[in-house]
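Protein chains in written order, with this note's numbering: chain A, 677 to 912; chain B, 3 to 262. Beta carbons are placed, not taken as given, at the ideal position from N, Cα and C, and that holds for glycine.
Shown next as structure tokens:
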């Protein structure tokens, strides 16, 4: 990955936080250990961080820190929310997943009962794909890709897992057995990949970003004082 | 722990062996060996005790020599003889005044070492107090870190408040926090001062970063911060400060830059 790296000093300059805050947030686990990259410079070994990620993260912590404790923020930012489940009603009441999407997902769903965080992420992905007006078979393709993926790996912060849907037009005479002059492919990848320049990237979804986007939505959704998440009654 | 079920107590005095399991209290005062993991309210080892497995207990006291061949989850850990844990040590209060070795990482709210201690991986604690000597193979993360002995930290030392009284030679790869204060210990009793004078008090590190920094007898490549004051005996390659900077005439500084 060719990401621009900056020093801690530059992070402080760009975000206006103090060393005390920076190190405290690092200790709280708000800044992942894997972002710290040690490099040799003329003054010796120095630590650098990926610019876009760290600035985005610090701004997010700054915006949340007045309303939440550091532990709560750590919980919201951390990729594991494995024990939290939502009921169908809660999901539809949140209003950011279209009823059609929920209905569609239920028609292919293998599990019963409340929704795991993983499934909420899948719903968010389908919702995005629907907004981009993907064909139904492309949505199905993307969902199948997610369903067979190793979710534990997707949640690891050090890899920016991206879901891509590519479309490629196949001129008539080259299409062998299929009716449609077009092929769609769905991939999960991390890092830089160059695709066939003739292929059209229909959708590119960074799953880590999507996870971080939906977490605060889940956490801040609290219309009644009762706990918003129920624990899985029979964990696997 | 469940109060309604009666669990047995185990006591080994002399030389003996017992199996692992769940006990109320465990006492080893001779040469005892427990052949497996145990869970107990209290464990006391005052002879030579060995537990061949992990330990979960409210309190564990080692005043002889104790060895735990596995991870330990103990609310209150007291080591006054020699103790060895061959795994992680998760504790609330950790006090070692003899010698201790943790072959994993250690967690504690209160972490006090007044003898000699070695942690092969990381130390996470709210309060760290080191008054003997300590060696940490990984990083130290604490809210407050006080040292008045000698320490070696192979990775980053990070805490809100770091106060170091230098006795011998201490080392950390990097130091970061809000307030960092390093001073040479001044012995008030003249005979002790004479004994200590032969030893060089020094802190060696690559980088120090903090908002408010006071240093004495510190050797560092880079010191960065808002307010930086250098006392005697400092040898610093580059100082980068935002608000203020002062240096003692006995401080050697390569260059000092004010940064915006």
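Reduced DSSP secondary structure (H/G/I, E/B, other) of residue i
{"i": "residue 708 of chain A", "result": "coil"}
{"i": "residue 234 of chain B", "result": "coil"}
{"i": "residue 718 of chain A", "result": "coil"}
{"i": "residue 820 of chain A", "result": "helix"}
{"i": "residue 77 of chain B", "result": "strand"}
{"i": "residue 775 of chain A", "result": "helix"}
{"i": "residue 763 of chain A", "result": "coil"}
{"i": "residue 768 of chain A", "result": "helix"}
{"i": "residue 807 of chain A", "result": "helix"}
{"i": "residue 752 of chain A", "result": "helix"}
{"i": "residue 54 of chain B", "result": "coil"}
{"i": "residue 757 of chain A", "result": "Confidence in residue 757 of chain A is poor, its pLDDT being 49 and thus under 50, which makes the residue's placement too unreliable to answer from."}
{"i": "residue 15 of chain B", "result": "coil"}
{"i": "residue 869 of chain A", "result": "coil"}
{"i": "residue 260 of chain B", "result": "strand"}
{"i": "residue 788 of chain A", "result": "coil"}
{"i": "residue 68 of chain B", "result": "strand"}
Straight-line gap, residue i to residue j (C-alpha atoms, nearest Å)
{"i": "residue 757 of chain A", "j": "residue 259 of chain B", "result": "Below a pLDDT of 50, predicted positions are generally treated as unreliable, and residue 757 of chain A, at 49, falls in that range; the measurement from the model is reported next regardless. Distance between the alpha carbons of residue 757 of chain A and residue 259 of chain B: 45 Å."}
{"i": "residue 43 of chain B", "j": "residue 30 of chain B", "result": "14 Å"}
{"i": "residue 860 of chain A", "j": "residue 784 of chain A", "result": "20 Å"}
{"i": "residue 162 of chain B", "j": "residue 45 of chain B", "result": "34 Å"}
{"i": "residue 799 of chain A", "j": "residue 815 of chain A", "result": "11 Å"}
{"i": "residue 694 of chain A", "j": "residue 9 of chain B", "result": "53 Å"}
{"i": "residue 206 of chain B", "j": "residue 160 of chain B", "result": "15 Å"}
{"i": "residue 4 of chain B", "j": "residue 41 of chain B", "result": "Legend: pLDDT at residue 4 of chain B = 41, less than 50; position of this residue unreliable, value from coordinates given subsequently. When rounded, the distance between both Cα atoms is 12 Å."}
{"i": "residue 858 of chain A", "j": "residue 846 of chain A", "result": "5 Å"}
{"i": "residue 766 of chain A", "j": "residue 808 of chain A", "result": "25 Å"}
{"i": "residue 684 of chain A", "j": "residue 881 of chain A", "result": "29 Å"}
{"i": "residue 111 of chain B", "j": "residue 811 of chain A", "result": "55 Å"}
{"i": "residue 870 of chain A", "j": "residue 842 of chain A", "result": "12 Å"}
{"i": "residue 797 of chain A", "j": "residue 706 of chain A", "result": "21 Å"}
{"i": "residue 780 of chain A", "j": "residue 748 of chain A", "result": "33 Å"}
{"i": "residue 793 of chain A", "j": "residue 106 of chain B", "result": "32 Å"}
{"i": "residue 688 of chain A", "j": "residue 214 of chain B", "result": "15 Å"}
{"i": "residue 240 of chain B", "j": "residue 889 of chain A", "result": "41 Å"}
{"i": "residue 65 of chain B", "j": "residue 137 of chain B", "result": "21 Å"}
{"i": "residue 135 of chain B", "j": "residue 804 of chain A", "result": "57 Å"}
{"i": "residue 878 of chain A", "j": "residue 76 of chain B", "result": "55 Å"}
{"i": "residue 1 of chain B", "j": "residue 715 of chain A", "result": "For residue 1 of chain B there is no data in the structure shown, the boundaries of chain B being 3 and 262."}
Cβ of residue i within 8 Å of any chain A Cβ
{"i": "residue 212 of chain B", "result": "yes"}
{"i": "residue 140 of chain B", "result": "no"}
{"i": "residue 259 of chain B", "result": "no"}
{"i": "residue 116 of chain B", "result": "no"}
{"i": "residue 131 of chain B", "result": "no"}
{"i": "residue 226 of chain B", "result": "yes"}
{"i": "residue 110 of chain B", "result": "no"}
{"i": "residue 253 of chain B", "result": "no"}
{"i": "residue 249 of chain B", "result": "no"}
{"i": "residue 237 of chain B", "result": "no"}
{"i": "residue 223 of chain B", "result": "yes"}
{"i": "residue 122 of chain B", "result": "no"}
{"i": "residue 156 of chain B", "result": "no"}
{"i": "residue 206 of chain B", "result": "no"}
{"i": "residue 188 of chain B", "result": "no"}
{"i": "residue 242 of chain B", "result": "yes"}
Test: residue i CB closer than 8 Å to a CB of chain B
{"i": "residue 700 of chain A", "result": "yes"}
{"i": "residue 860 of chain A", "result": "no"}
{"i": "residue 684 of chain A", "result": "yes"}
{"i": "residue 783 of chain A", "result": "no"}
{"i": "residue 692 of chain A", "result": "no"}
{"i": "residue 679 of chain A", "result": "no"}
Exposed unless 16 or more other CB atoms sit within 10 angstroms - verdict on residue i
{"i": "residue 728 of chain A", "result": "exposed"}
{"i": "residue 92 of chain B", "result": "buried"}
{"i": "residue 73 of chain B", "result": "buried"}
{"i": "residue 172 of chain B", "result": "buried"}
{"i": "residue 252 of chain B", "result": "exposed"}
{"i": "residue 769 of chain A", "result": "exposed"}
{"i": "residue 124 of chain B", "result": "buried"}
{"i": "residue 97 of chain B", "result": "buried"}
{"i": "residue 831 of chain A", "result": "buried"}
{"i": "residue 865 of chain A", "result": "exposed"}
{"i": "residue 118 of chain B", "result": "buried"}
Chain E contact residues for residue i, given Cβ-Cβ distances below 8 Å
{"i": "residue 696 of chain A", "result": "Of the chains in the structure shown, none is chain E; the protein chains are A and B."}
Interface residues of the region 702-721 of chain A facing chain B [CB-CB below 8 Å]: From the region 702-721 of chain A, only 702, 703, 719, 720 and 721 have a Cβ closer than 8 Å to chain B.
Members of the region 166-180 of chain B near chain A, C-beta cut-off 7 Å: Here the close residues are 178, 179 and 180.
Residues, ordered as in the chain, of the region 97-108 of chain B that lie near chain A by beta-carbon distance below 9 Å: So the list is empty, because no residue satisfies the distance condition.
Against chain A: residues of the region 73-90 of chain B by CB proximity under 8 Å: In summary, no residue of the region 73-90 of chain B has a CB separated from any CB of chain A by less than 8 Å.
Contact residues within the region 29-55 of chain B, judged by C-beta distance below 9 Å to chain A: Those would be none; no residue qualifies.
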